[in-house]
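Chains as they are written, first to last, in the working numbering: chain P, 1 to 322; chain U, 323 to 644.
Each residue gets a CB set at the ideal place from its N, CA and C atoms; glycine is no exception.
Below is one structure; the comments refer to it alone.
Rendered as structure tokens:
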């Protein structure tokens, strides 16, 4: 099935859980669409087993520390973990201060925890595609948990995080944080809310979040719990993983996990088809000499933009709506 | 040519410079694509005469006051003005404090100054389309100048402002403003830089901007002048309009105005065609029952996203790349 023999060897190494092969395959998937497709053809059948946890929070909320603690907790239960960081300021992405990175060393050195950071592609589409692709590779590799770290703000963020089965929103005590949360629509998407650095007057924020939650009605019958943690001391991490497992049970029993993943697949397929078509259209438009004549006509006011666009469009549309 | 007789009457009123007709037509163009097209068919031939000035600057830079003063200066030279505000915090958009709006009253009451604010459509495409459409209507109405007010930040902003013939970037003295300017790429797009509120230590900022300009080489042979104004007292406004007229002369003589407008027309046509095609694709995707089967296959791992997307795409592509 794989034409490229090197690729075939790489894939079999990958299936023998070779970390280097994992790293190589992610790089290929990120940078070589064509070979990436071959890899997906070979690996995709082994996916769908990993559980994806999205963890979002503003820089400074300490979510990276929270994530490393959470990953360690998962490991202590014999589970393997893949981490995808989309926060450029995160120590996982090489950002942040040395102190943070030192703290990370412990988990970075664990062979069963694989960390990959995704450079923002600018466009949200590219970002969510890269995240999805890497998550799929982690899944095929056999990771039990995949943790996605994002900065919780903006539509791009929300698009990315939608691939998660459980979404954890991290807050820290600090002026207006809870209001920001509602603005950013964070609360609507959060399945679990965490107040980290809870030692800094976290109860007040926790209360604000509970109150904010009261004003949202949810169809799913799940009221997001508000947890308090002090990640740097490992306080509340066990409880967080338990909350994640509870949410997982809830959506599995309610059939919401299936639904969530089906919806996501449908969105993704449409996303891909649209971007591919746009590529084609763009190519055609740039080859089409007709456009230059039309520009002249619009410039000289023989045509207006919309009539010109119609003239350019009609033949294309005819072709493809038949 | 216009089928709709009410529309025909509206257009003839518009051509008799009826302000109410102008307002109605803008509303139609903004909200009714089909009738909007008829209007463009009728009006577009009368466009291309107005000179478009884009004025961009962060909220608080005082650009709204600057714009009203500038509009008054244009009026004092017997010119008519249309203002399009895309800054939700602008008094033109009904934002800002009462004080500002009181200050605006003077120009709002001038029958030869027409103000329209565009609500952000979220997507940059919608925003620049609406702005273009309204500018075209102002142009057809016979406005000598069209001023577009935007908050100078982000790609959406830059797309919108590109329709302007002369771009004025407004800064105010304040920490890091000049650095922000370079970050936002504001300086690359500015034809004229204005330090407003210059009484607040504006010379320092002006110097910073001059230095920033030194690090950009331009092909056009135009070095953006850095002006200082105190808009609220009308200081430096006359000089600003003269700088605008000088830039206008420069780009007219150098043939850059034509070029700029041709490029803009081409970009716009492509924009429209792309969005129309996307609509069609979207429609087809949502009607296409095939997608549900594919989602099932991907969910059950018979297919992966990319092979599924290919299956959906191939027939469409075949049709329209022939």
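Cα atoms of residue 334 of chain U and residue 404 of chain U: separation of roughly 20 Å, rounded to the nearest angstrom. Taken atom to atom, the span from the alpha-carbon of residue 299 of chain P to that of residue 359 of chain U is near 17 Å.
Of the other Cβ atoms in all chains shown, fewer than 16 fall within 10 Å of the Cβ of residue 27 of chain P; this residue is therefore exposed. DSSP, reduced to helix, strand and coil, places residue 402 of chain U outside both helices and strands of the structure shown, so it counts as coil. By alpha-carbon distance to residue 466 of chain U, the top candidate from U:372, U:585 and U:613 is U:372.
Sequence-ordered contacts of the stretch 597-613 of chain U with chain P read 598, 599, 600, 602, 603, 604, 606, 607 and 613 [C-beta pairs closer than 8 Å].
Per DSSP, residue 496 of chain U lies in no beta strand (DSSP E) and is assigned neither H nor E.
Within the same chain, Cβ atoms closer than 6 Å to the Cβ of residue 556 of chain U are found at 391, the five residues on either side in sequence being excluded. In the structure shown, residue 408 of chain U falls within a coil segment according to DSSP collapsed to helix, strand and coil. Bridge pairing for residue 379 of chain U: U:492 [DSSP].
Residue state for residue 620 of chain U is assigned as helix, using DSSP reduced to three classes.
Listed by position along chain P, the residues whose Cβ is nearer than 9 Å to that of residue 369 of chain U are 301 and 304. If you check the CB distance, residue 383 of chain U and residue 523 of chain U do not come in under 7 Å.
Residue 433 of chain U and residue 402 of chain U have their C-alpha atoms some 9 Å from each other. Distance between residue 131 of chain P and residue 59 of chain P, taken at the CA atoms: about 19 Å. For residue 362 of chain U, the closest Cβ of chain P is nearer than 7 Å. Along the stretch 259-276 of chain P, the positions whose C-beta sits under 7 Å from a C-beta of chain U are 261, 262, 265, 266, 268, 269, 270, 272, 273, 274 and 276, read in chain order.
For the stretch 520-576 of chain U, the continuous alpha helix (DSSP H) assignments of 4+ residues that do not extend past its boundaries occur at 524-536 and 559-575, in sequence order. At least one C-beta of chain U is nearer than 7 Å to the C-beta of residue 312 of chain P. Residue 211 of chain P counts as exposed, since fewer than 16 other C-beta atoms from the protein chains shown sit within 10 angstroms of its C-beta. For residue 440 of chain U, the three-state secondary structure derived from DSSP is coil. Counting along the chain, the unbroken beta strand (DSSP E) around residue 516 of chain U starts and ends at 514-517. Contact between residue 10 of chain P and residue 21 of chain P holds: CB atoms are separated by about 5 Å, below the 8 Å threshold. Under the criterion of beta carbons closer than 8 Å, residue 552 of chain U and residue 513 of chain U do not qualify as touching, at roughly 21 Å.
Neighbourhood of residue 629 of chain U in chain P, by CB distance below 7 Å: 41, in chain order.
DSSP places residue 470 of chain U in the uninterrupted beta strand (DSSP E) bounded by 467-472.
Each of P:25, P:251 and P:47 was checked against the Cα of residue 39 of chain P, and the nearest Cα belongs to P:25. Going by beta carbons, residue 489 of chain U and residue 406 of chain U fall outside the 7 Å limit. Distances from the CA of residue 399 of chain U to each of U:608, U:579 and U:560 were compared; the closest alpha carbon is that of U:560.
Contact between the stretch 589-604 of chain U and the stretch 280-294 of chain P is present: three or more C-beta pairs spanning the two stretches fall below 8 Å. Scanning chain P for C-beta atoms nearer than 8 Å to the C-beta of residue 344 of chain U yields nothing, as the closest lies near 18 Å away. Beyond the five residues adjoining it in sequence on each side, residue 376 of chain U comes within less than 6 Å, by CB distance, of 470, 483, 486 and 489 in the same chain, given in chain order. In this structure, DSSP gives residue 374 of chain U an extended state, which the three-state scheme calls strand. For the options P:222, P:245, P:291 and P:263, the alpha carbon positioned closest to that of residue 589 of chain U is the one of P:291.
Among the CB atoms of chain U, none fall inside 7 Å of the CB of residue 238 of chain P.
Listed along chain P, the residues sitting closer than 8 Å to residue 616 of chain U by beta-carbon distance are 269.
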